[in-house]
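Novice: If you read the protein sequences in the order shown, they are chains A and B. Residue numbering for the first sequence follows the numbering used here, starting at 53 and increasing by one per position. Residue numbering for the second sequence follows the numbering used here, starting at 177 and increasing by one per position.
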Amino acid sequence: MSFGCNHAIDLTGLAGNTASPIHKLDPRAKVVGIIGITIVGVSTPFTAWPTWLACAAALVTIAIVARVGPGTIWRRSRLILPLILFVAVFLPFVRKGGETVALGPLSLSVVGLQTFAAVSAKATIGVVGAVLLGATTSFPAVLHALESMRVPKLFVLIAAFAYRYLFVIAEEVQRMRAALASRAYAPRNALHAGAIGRVASALFLRTYARGERVYLAMLSRGYSGSMRRLDTLAFDRHDAGFLVALVLLLLPIRIVSAVA
Amino acid sequence: MSCAVEARGLGFAYPDGRVALTGLDLHVDHGERVAILGPNGAGKTTFVFHLNGLLKGTGALEVAGLEVRKETLRELRSRVGLVFQDPDDQLFMPTVAEDVAFGPLNLALEREEVERRVTEALETVRMSHVRDRAPHQLSMGERRRVAIATVLAMRPKLLVFDEPSANLDPRSRRELIDLLAEVERTMLVVTHDLPFAAELCERAVILSAGRLVADGPCETILADETLLEAHDLELPAGFVPSRVHRRPRPGGTAVPRSQTPIAAQRG
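(1) Less than 7 Å between C-beta atoms, sequence neighbours within five positions excluded: which residues of the same chain meet that for T259(A)?
(2) Using the beta-carbon of each residue, which ones in chain B are nearer than 7 Å to G164(A)?
(3) Let me check understanding here. Comparing Cα to Cα, which of E351(B), D264(B), G219(B) and E358(B) lies closest to R194(B)?
(4) Go ahead and pull the three-state DSSP assignment for I307(A).
(5) Could you tell me how far apart the beta carbons of I382(B) and L213(B) are, in whole angstroms, since I believe they sit closer than 8 Å?
(6) For R410(B), which residues in the same chain have their Cβ closer than 7 Å to its Cβ, ignoring the five residues on either side in sequence?
(7) Closer than 9 Å between beta carbons: that is the criterion. Which residues of the stretch 279-296 of chain B meet it against chain A?
(8) Tell me, to the nearest whole angstrom, how far the beta carbon of D308(B) is from that of S341(B); I am working on the premise that it is less than 8 Å.
(9) Count the other CB atoms, across all protein chains shown, that sit within 10 Å of the CB of R442(B); report buried if there are 16 or more and exposed otherwise.
(10) Can you find a C-beta in chain A that's less than 7 Å from the C-beta of R253(B)?
(11) For a cutoff of 7 Å on Cβ pairs, would you count V225(A) as touching chain B?
(12) Please classify T362(B) as buried or exposed, where buried requires at least 16 neighbouring CB atoms within 10 angstroms.
(13) Verify whether the separation of the beta carbon atoms of R273(A) and G279(B) is less than 7 Å.
(14) Quick one: any contact between the stretch 365-379 of chain B and the stretch 329-347 of chain B, if contact means 3 or more CB pairs under 8 Å?
(15) Can you check whether the C-beta of A211(A) is within less than 7 Å of a C-beta belonging to chain B?
(16) From which residue to which residue does the beta strand (DSSP E) around F188(B) run?
(17) Looking at the secondary structure, which residues open and close the beta strand (DSSP E) in which R392(B) lies?
(18) With distances taken from CA atoms, which of G207(B), G187(B) and M269(B) is nearest L200(B)?
(19) Would you check if there are 3 or more beta carbon pairs closer than 8 Å linking the stretch 265-279 of chain B to the stretch 240-250 of chain B?
(20) Quick one: which chain B residues come within Cβ less than 7 Å of M228(A)?
(21) If we count the other Cβ atoms within 10 Å of its Cβ and call it buried at 16 or more, is D291(A) buried or exposed?
(22) With a threshold of 7 Å between beta carbons, is A196(B) in contact with chain A?
(23) Label V162(A) either buried or exposed according to how many other C-beta atoms from any shown protein chain fall within 10 Å of its C-beta, with 16 as the threshold for buried.
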């Protein structure tokens, strides 16, 4: 059951050509590779444009091979990137000292501008990397990868339940909003927002009760504290090749930029 | 002799003092299909939760040939397949295949055996094509079928359904009846959907205010309007229980008939 569209949630899941070599890689290779690109990108000093360009080149290549179009990347990045950029955009205004550039009545700090550019570049690399991972790797596969890379089981389990019930809770929220709207709820000022608070607490109680029922359902099927797995992952030469290519591309540039 | 369910004087009160079961007696033989009818708050779900030891009350309870005790819980839960009312409670893994594999993996079976059971259970409910999908991508009817597959994969002796036809459209409901009619297991079906009970079950019991108040052949119970009315049950208008075509058992085996005519239980 779903009431209308739910933009944030429609934007998850695989995209591009799901039979591409990137989609077929072992999820561990993709998790390590894309986290690697992000770490190389964000660990740089403020003026590491060659490194960022190399990261961007790696991401663009992955996107092209996986046939994930710019439209998809743009729509998905839009969920998170503006938030980061919104915070970063104030940096040139609040930075004190150093050279300044006049922009009408405002004065912008040059260091602040550089910081803004660096933060934007780093944020874009991180977000686009995450978007590409999400578009080329199903969430269960990412969880599986994390689990087999010895990420503590509790974290993986929490992420798995969050993923599963995100959709259920989103549907419940949609229904509650529909219920509010059908009784002509249209908040005109802050005093009217009380209903939202009650909806939130009702949602919390329902979710809590659901948690209990899910646990009973787990017990009913013999759960005794450990999650076992059926399928195993296979890391082959394609996966190794993918990681080696990334290392060969990014590491030299990163080292040179650190020395320079 | 081993039987599917043998409850004697089962009682249960919730920690807040609400009494849910008082002196419930029920005997179910292997191979029977029994509908458990009753109004809201009659204690149906509480009783169901006793069947695999999720709740423990007073009195004696033997299910699927095992006395319900702490030591037998593990074995009990592999013998009793409980299908929850809301499939979203039952399907908690990221993909359908992983969810169906959850039970067999907990039974510590070999991988090949788990794989075989997952394939077989999904085939039984005709849901093999959604194997790698996430539960939220399925319709309610599909989720219900997958939820049934998750317990079939454990090869239970007894299947227990809590409101299986809830939230289903007529077609999904019809398909569910067709599917369950083909499953060769002892079944307890908790439901408000009296025609659903009539098509599947040869025997019905009415649970009201925590005790069994009637037990007999399904069509006899459903034909007794006074009895139904006394326990807030109601047939759809125009529904004639005696005209219901009960589904034959798989393989054309004879349907065991309850011998006793309608029996009022001691109050």
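All C-beta atoms in this analysis are idealised placements derived from N, C-alpha and C, irrespective of residue type, glycine included.
Specialist: Once the coordinates are examined:
(1) The answer, listed in chain order, is I221.
(2) Near G164(A) there are no residues of chain B at all, since even the closest Cβ is about 43 Å away, more than 7 Å.
(3) Considering only alpha carbons, the answer is G219(B).
(4) If DSSP states are grouped into helix, strand and coil, I307(A) belongs with the helices.
(5) Indeed, because the Cβ distance is near 5 Å, the residues count as touching under 8 Å.
(6) Going by the sequence as given, residue 410(B) is Glu instead of Arg. Answer for E410(B): L404, listed in chain order.
(7) Using a CB distance below 9 Å, the part of the stretch 279-296 of chain B facing chain A consists of G279, P280, L281, N282, L283, A284, R287, V290, E291 and V294, ordered along the chain.
(8) At roughly 28 Å, the Cβ-Cβ gap does not stay under 8 Å, so D308(B) and S341(B) are not in contact.
(9) Below a pLDDT of 50, predicted positions are generally treated as unreliable, and R442(B), at 44, falls in that range; the measurement from the model is reported next regardless. With fewer than 16 other Cβ atoms within 10 Å, it is exposed.
(10) Yes, R253(B) counts as interfacial toward chain A.
(11) It does not: the Cβ of V225(A) has no partner Cβ on chain B nearer than 7 Å.
(12) With 16 or more neighbouring CB atoms inside 10 Å of its own CB, T362(B) falls in the buried class.
(13) Taking C-beta atoms as the reference points, R273(A) and G279(B) count as a pair closer than 7 Å.
(14) Short answer: they touch.
(15) The beta carbon of A211(A) does not come within 7 Å of any beta carbon belonging to chain B, so the residue lies off that interface.
(16) If you look at F188(B), you'll find it in the beta strand (DSSP E) that goes V181 to A189.
(17) Strictly speaking, residue 392(B) in this sequence is Gly, with Arg absent from that position. That run of the beta strand (DSSP E) goes R387 to P393.
(18) Across the set G207(B), G187(B) and M269(B), the C-alpha of G187(B) shows the shortest separation from the C-alpha of L200(B).
(19) No, the stretch 265-279 of chain B does not touch the stretch 240-250 of chain B.
(20) The premise fails here: M228(A) is roughly 16 Å from chain B at the closest Cβ pair, so nothing lies under 7 Å.
(21) Here D291(A) is buried: its Cβ has 16 or more other Cβ atoms, across all protein chains shown, within 10 Å.
(22) With a threshold of 7 Å between beta carbons, A196(B) makes no contact with chain A.
(23) Around the CB of V162(A), fewer than 16 other CB atoms lie within 10 Å, so the residue is classed as exposed.
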